[in-house]
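To start, the structure itself, in structure tokens.
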Amino acid sequence: MFGVTAAETGTESAELLAEFVGLQKEIFSELGLHFRVLDMPTQELGLPAYRKFDIEAWMPGRGKYGEVGGG
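Residue numbers for the sequence shown follow the UniProt record's numbering, beginning at 1 and rising by one.
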């Protein structure tokens, strides 16, 4: 997902990020997936990012979690 926000109140970016993560959580829940949301550490972020979430679902064939989304 990609979004652009104005900087009128200073909270728009965080609010949009929360909305994106919420939408993905809703989709994965409705699909019945067992997933987790990881708040990524700063060393994992690219240059333009200030915060990033990875969403991982349990993959039985692998026996571990794998990334299925993020925000």
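Positions of the beta carbon are idealized from the N, C-alpha and C atoms, including for glycine.
In this text, all values refer to a predicted model and were calculated from it rather than measured experimentally.
Which of helix, strand or coil DSSP assigns to residue i
| i | result |
| --- | --- |
| residue 45 | coil |
| residue 28 | helix |
| residue 33 | coil |
| residue 70 | strand |
| residue 53 | strand |
Sub-8 Å separation of residue i and residue j beta-carbons
| i | j | result |
| --- | --- | --- |
| residue 17 | residue 71 | yes |
| residue 20 | residue 40 | no |
| residue 55 | residue 69 | yes |
Beta-bridge partners of residue i, as assigned by DSSP
| i | result |
| --- | --- |
| residue 135 | Residue coverage of the chain in this structure runs from 1 to 71, which leaves residue 135 outside it and unanswerable. |
| residue 38 | 54 |
Contact set for residue i: own chain, Cβ-Cβ below 7 Å, skip 5 residues either direction
| i | result |
| --- | --- |
| residue 24 | 55, 69 and 71 |
Beta-carbon proximity list for residue i, same chain, < 8 Å, skipping 5 on both sides
| i | result |
| --- | --- |
| residue 6 | 12 |
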